[in-house]
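Quick note: the sequence shown uses full-length UniProt numbering, first residue 1, plus one each step. A short worksheet on the structure shown next.
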Amino acid sequence: MLEQGIICPSESAWSSPIWIVPKKVDASSKTKWRLVVDFRKLNEKTISDKYPIPNISDVLDKLGNCQYFTTFDLASRSYQVEMNPSDIPKTAFNVEHGHFEFLRMPMGLKNSPSMFQRVIDNVLRDLQNTVCLVYLDDIIVFKCSLQEHMVNLEKIFHKLREYNFKIQMDESEFLKLETAYLGHIISKGGIKLNPSKISAIEKYP
1 MLEQGIICPS ESAWSSPIWI VPKKVDASSK TKWRLVVDFR KLNEKTISDK YPIPNISDVL
61 DKLGNCQYFT TFDLASRSYQ VEMNPSDIPK TAFNVEHGHF EFLRMPMGLK NSPSMFQRVI
121 DNVLRDLQNT VCLVYLDDII VFKCSLQEHM VNLEKIFHKL REYNFKIQMD ESEFLKLETA
181 YLGHIISKGG IKLNPSKISA IEKYP
């Protein structure tokens, strides 16, 4: 994270505790680890950002009668957004051999989801609802014809390149007739719950 410019050494008087948690196993089947900072004390003193997160039902309702779908995640969601310089010292944390602070917006901050949604909405504002739908870092591109879909993908890629957003390719699917999105399976035939999301309920004694 230090080499990636996500954090830097800190002299801040602030300090939040940390723990290390495993990430979901990716396509390489290797377990990766995530640094998690416990920002609860900082969040108690933070004024809430009222920018809305989309309602999942409203998002899904807009996907009917489309044939082709492309879904992709934005890599390291919050880390793609720069911190306000005046807020950087407040994100400080300790590890065994150092004191660091975030240059990029970390997950766990009270307003990280709302701030990220605001940023990505501004980036893709001209394309939302007609070309794509966005729920935080989950983007779905939809269209009935293959030709229109390819044109729309290029529009999305152009916008993301312009603002230096990166896509998590191993968690993306392109030109699918059926795809998983926001806990559901989406296809031209309709929308249904993703079986993998309800298997625990179905197996319950």
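Don't be surprised by glycine CBs; every beta carbon is placed ideally from N, CA and C.
Which of helix, strand or coil DSSP assigns to residue i
i	result
T130	coil
L175	strand
V59	helix
K197	helix
residue 214	Given that the chain is displayed from residue 1 to residue 205, the structure contains no residue 214 and the question cannot be resolved.
D73	strand
I6	coil
Counterpart residues of residue i in DSSP-defined beta bridges
i	result
P54	According to DSSP, P54 bridges with nothing at all.
Y181	H184
E82	R104
Expected contact under 8 Å - CB spacing of residue i and residue j to nearest Å
i	j	result
S172	A92	Wrong, their Cβ atoms sit about 34 Å apart, outside the cutoff.
L60	L182	7 Å
I53	Q117	6 Å
D73	N111	Not a contact, Cβ separation roughly 21 Å.
Distance CB(residue i)-CB(residue j) smaller than 8 Å
i	j	result
P106	V37	yes
F69	I186	yes
F100	I7	yes
K176	L124	no
Completely contained beta strand (DSSP E) runs for the region 13–46, where each covers 3 or more residues
Complete beta strand (DSSP E) runs here, min 3: 18–22, 33–37.
Which whole runs of the beta strand (DSSP E) in the region 91–178 are 3 residues long or more, in chain order?
93–95, 98–102, 132–135, 138–143, 167–176
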